[in-house]
Amino acid sequence: MNENLLEAREELKRLEHILYVSLKYTRTVDVLINALHRLISIFDLIILALLEKAQAEKRLETLPKSPALRGTTLRDIYPEDEQLQRYLSFYLFLRTVLKLPHKKRQEYRRHVTLIVEVDNATAEIDSDNLLNCEKFVHRFLRYGYQKIEGEEKE
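Numbering (numbering that gives the first Met the number 0), first residue to last: 0 to 153.
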């Protein structure tokens with residue numbers, strides 16, 4: 000089994016702990032940001048695993064060093080895979096959100112929210128959105144297993 004996929008699964012466990020334990024008792028924007036960093040870390044590991052597979056298939060000569068470049072390289076290698084394109088678009092969106100200045104709303108409350116202005120729009124990230132992101136990254140991990148291992152693992 001691919002080492003990066005195993006590490007992604009471990010990161011996913013850490014993300015689940017943040018969402019279901021830490022966020023329950025510490026309702027701050029810092030916890031939301033930490034969860035976003037974990038999400039990006041999971042995406043990075045899965046993307047790296049997919050790029051290693053592409054390199055083994057001779058679709059890629061060398062692995063890019065930067066995570067953002069890895070994402071765009073993977074996008075260029077598989078332009079016909081619409082599902083992968085959606086995952087990579089979301090990944091690049093998350094990276095953008097973390098780079099921009101943010102505002103806080105209802106900190107220490109149930110609906111603590113991270114607010115970011117993105118391309119003339121407002122992105123609001125709260126605990127409910129993060130739970131949906133967690134489900135999305137679960138699907139991406141299953142997708143990665145299917146692409147690399149050829150079968151789904153739990």
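The beta-carbon is built from N, C-alpha and C at its ideal position, and this holds for glycine as well.
The structure presented is a predicted model; accordingly, all values stated were derived computationally and were not measured.
Indicate whether residue i and residue j have their beta-carbon atoms separated by less than 8 Å.
i, j, result
"E123", "V28", "no"
"L59", "I45", "no"
"K146", "K57", "no"
"G143", "A48", "yes"
Just verifying my parser: in three-state terms, what is the DSSP assignment at residue i?
i, result
"E6", "helix"
"L113", "strand"
"R58", "coil"
"Y107", "coil"
"G143", "helix"
"S40", "helix"
For residue i, count neighbouring Cβ atoms within 10 angstroms of its own Cβ and tell me buried if that reaches 16, exposed if not.
i, result
"L99", "exposed"
"V111", "buried"
"F139", "buried"
"R109", "exposed"
What residues match up with residue i in a beta bridge as DSSP calls it?
i, result
"V30", "DSSP lists no partner for V30."
"D125", "T112"
"A120", "V117"
"H101", "V115"
- Query: Is it true that the stretch 60-67 meets the stretch 2-19, where meeting means three or more beta-carbon pairs spaced less than 8 Å apart?
  - Reply: The stretch 60-67, when compared against the stretch 2-19, does not touch it at the 8 Å Cβ threshold.
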